[in-house]
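Just so we're aligned: the sequence shown equals residues 5 to 276 in my numbering. For every residue, glycine included, the Cβ atom is placed at its ideal position computed from N, Cα and C. A short worksheet on the structure shown next.
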Amino acid sequence: MPVRGQYNFDGGSHLVEGIRIGRVDAGINTTFIIYRIGDTVIDCGPPNQWEEVKAFIERGPVRQLLITHHHEDHSGNGSRIKDITGVTPFAPELAQAKLAAGYKVPPLQRYIWGSPIPVKTVTYPDEMTLSDGSPIIPVHVPGHAKDLTVFFLPKQKWLFSGDLYVSKSLKMFRNDENLSQLMSSIRRVLDLDFEILFCPHRGIVENGRKAMEEKLQNLVWLCSESQKLDKAGLSLATITRKILGREEMVSWLSGYNISRRNLIREALKVSL
Ligand SMILES: [Zn+2]
């Protein structure tokens with residue numbers, strides 16, 4: 005599969021490089037960007053795109069590999085990268101058992117990304133830095149996944165956001181996502197002094213703080229509208245249709261694992 009996009013962000017003392025890859029080119033949700041800042045690599049890319057990931061890894065020496073969470077598009081090639089570089093990946097503590105044992109990926113996601121190869125990982129060290137000694141701070145931000153961790157680089161004002169951002173207006177949710185936690189996590193990162201977001205799906209968002217604030221505002225609106233309609237006695241299906249429109253093909257194909265109604269169901273639980 006070809007590389008679907010190249011990213012080169014000149015951050016002064018550091019160049020951030022990225023490639024967008026994916027078996028299915030149906031927009032940001034089916035393609036993935038693996039980033040590197042010199043010898044630091046963030047996430048591993050989908051397992052069915054190893055050829056492209058391997059070439060990207062081989063652009064230069066790798067000193068550390070940082071995994072944001074266990075989902076297969078982020079972690080899937082950890083074992084292969086370890087094999088060719090000798091680097092044991094860092095991963096959230098909550099992800100380590102799952103990553104080591106492997107886990108079953110639902111059919112639709114398996115078609116899009118492939119199945120992750122089990123990998124032994126270790127916890128982020130107390131001090132992580134770029135090659136010039138500037139700090140990389142892991143921040144645990146559950147919601148999208150229990151283990152999701154983003155990386156804040158205070159000197160550069162960068163945030164490698166895992167799947168915390170993706171879009172400023174969410175339309176769908178996986179059935180294991182927790183919206184109350186997600187909103188608290190967004191508030192937590194908004195307390196950090198970052199400007200630029202590096203999202204593995206959306207791309208590089210230069211006005212990242214504003215985009216993250218807008219995402220939070222949109223979610224607050226979504227919760228208050230859903231709760232208003234719920235108080236008026238409307239059903240979950242009707243509230244979903246009124247606010248987000250009809251379910252898409254992906255909801256049917258995933259057996260509602262990824263759907264609009266999951267998002268509204270969660271929106272009804274959030275205390276505003
Ligand atoms: Zn994810």
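Where residue i falls: helix, strand or coil (DSSP)
i	result
Thr242	helix
Ser255	helix
Asn222	helix
Asn52	helix
Gln68	strand
Pro146	coil
Gln160	coil
Arg27	coil
Arg213	helix
Glu76	helix
Arg191	helix
Glu181	coil
Val170	coil
Val123	coil
Ile141	strand
Leu19	strand
Range of the contiguous beta strand (DSSP E) that encloses residue i
i	result
Cys321	Because residue 321 is not part of the residues shown, which for the chain are 5 to 276, the question remains open.
Thr44	Thr44 to Ile46
Asp14	Gly9 to Gly15
Ile88	Run containing Ile88: none in the beta strand (DSSP E); it sits in the alpha helix (DSSP H), Gly82 to Thr89.
Arg206	Segment: none, Arg206 is in no beta strand (DSSP E) and carries neither H nor E.
Arg250	That residue, Arg250, is in no beta strand (DSSP E); it is neither H nor E in DSSP.
Arg40	Phe36 to Ile41
Contact test: residue i Cβ vs ligand 1 heavy atom, cutoff 7 Å
i	result
Asp87	no
Asp151	no
Asp167	yes
His78	yes
His18	no
His277	With the chain covering only 5 through 276, there is no way to say anything about residue 277.
His148	yes
Residue i versus residue j - alpha carbon distance
i	j	result
Ile32	Ser135	30 Å
Arg8	Arg67	26 Å
Ser119	Asp29	18 Å
Gly212	Glu56	28 Å
Leu163	Leu201	5 Å
Ser188	Gly147	8 Å
Asp180	Met132	30 Å
Asp197	Leu19	20 Å
Asn81	Pro96	16 Å
Arg245	Ile268	10 Å
Leu240	Ile141	40 Å
Met210	Val170	Per the sequence shown, the amino acid found at residue 210 is Glu instead of Met. When rounded, the distance between both Cα atoms is 14 Å.
Arg250	Ala271	17 Å
Leu168	Met253	24 Å
Glu199	Ser173	19 Å
Ile247	Gln221	15 Å
Lys219	Ile243	20 Å
Trp256	Gln53	26 Å
Gly42	Met176	35 Å
Boundaries of the alpha helix (DSSP H) in which residue i is found, first to last residue
i	result
Leu152	Counting along the chain, Leu152 falls outside any alpha helix (DSSP H), and DSSP gives it neither H nor E.
Ile268	Arg264 to Ala271
Tyr115	Pro111 to Trp117
Asp130	Premise fails: Asp130 is in no alpha helix (DSSP H) and is neither H nor E.
Ala99	Glu97 to Ala105
* Evaluate contact between the region 198-209 and the region 36-45, counting only Cβ atoms and requiring at least three cross-stretch pairs below 8 Å. => By the Cβ test, the region 198-209 is in contact with the region 36-45, since at least three Cβ pairs between them sit closer than 8 Å.
* Asked: Would you call the region 151-167 and the region 48-64 touching, i.e. three or more CB-CB distances under 8 Å?
  -> Taking a contact to require three or more Cβ pairs closer than 8 Å, the region 151-167 and the region 48-64 do not qualify as touching.
* Check whether the region 103-113 touches the region 156-163, counting contact only when three or more Cβ pairs, one atom from each stretch, lie closer than 8 Å. => No: the two stretches stay apart, fewer than three of their Cβ pairs being nearer than 8 Å.
* Validate contact between the region 245-265 and the region 109-125 using beta carbons, cut 8 Å, 3 pairs -> The region 245-265, when compared against the region 109-125, does touch it at the 8 Å Cβ threshold.
* To do: Indicate whether the contact test is met: 3 or more Cβ pairs, each with one atom in the region 137-146 and one in the region 224-239, closer than 8 Å.
  => Contact between the region 137-146 and the region 224-239 is absent, because fewer than three Cβ pairs lie under 8 Å.
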